[in-house]
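Working notes for the structure below.
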Amino acid sequence: MSEKTKKIAYWFFTLWLSLGMVSTAIVQLMKLPEEVEKINQLGYPTYFLTLLGIWKLLGVVAVLVPKFVLLKEWAYAGFFFAMSGAAISHIVCGHPIGEIFPSVLLLALTVVSWYLRPTNRRM
């Protein structure tokens, strides 16, 4: 893969990841009734929505802004733990694939974005 192709792929997957994280963060911060019900079904307290929403927004900022390489690594790690934890929580609760898929998709986007990141965004 050429450097140009790799850079385009990185930004494609990173922007898709960012859009997914921002949109889910907004829904979580709004505490829509269906989100509150979902988080409670998974066994987590409602205030967890606020924590996840804020962390996701901060993570997106960290991943998108230049420099701060160590902070980017932490943001990717946070996305990985949050999305793998969400997927596992849905699986353990016996939810259908439609409930599990969004977490798995964001998890995959996290891994691909992290893997494709340019040299100046690596430690």
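Counted the way the numbering used here counts, the sequence shown spans residues 1214 to 1336.
Glycine included, each C-beta is placed from N, C-alpha and C at the ideal position.
Note that the structure is predicted; figures quoted are calculated from it, not measured.
For residue 1314, count the other beta carbons within 10 Å of its own beta carbon; 16 or more makes it buried, fewer makes it exposed. Which is it? For the purposes of this step, residue 1314 is identified with residue 101 of the sequence shown, where counting begins at 1. Result: exposed.
Endpoints, the alpha helix (DSSP H) within which residue 1253 is located: Numbered from 1 along the sequence shown, position 40 holds the residue referred to as residue 1253. Here the alpha helix (DSSP H) through residue 1253 covers 1246–1254.
In or out: residue 1305 buried (at least 16 other Cβ within 10 Å) or exposed? Walking along the sequence shown from the start, residue 1305 turns up at place 92. Under this definition residue 1305 is an exposed residue.
Going along the chain, which residues of its own chain have a beta-carbon closer than 7 Å to the beta-carbon of residue 1248, five neighbours each way excluded? Against the sequence shown, residue 1248 aligns to sequence position 35. Excluding sequence neighbours, residue 1248 sits near 1240, 1241 and 1262.
Looking at the structure shown, is residue 1259 part of a helix, part of a strand, or coil, going by DSSP? Start at 1 with the first residue of the sequence shown, and residue 1259 comes out as number 46. Coil.
Expressed to the nearest angstrom, what Euclidean distance is found between the alpha-carbon atoms of residue 1221 and residue 1285? Within the sequence shown, the letter at position 8 stands for residue 1221. Within the sequence shown, the letter at position 72 stands for residue 1285. Cα to Cα, the separation comes out at about 19 Å.
Roughly how many angstroms lie between the CA atoms of residue 1327 and residue 1289, to the nearest whole one? The sequence position of residue 1327 within the sequence shown is 114, counting from 1. The sequence position of residue 1289 within the sequence shown is 76, counting from 1. Looking at the two C-alpha atoms, the distance is approximately 7 Å.
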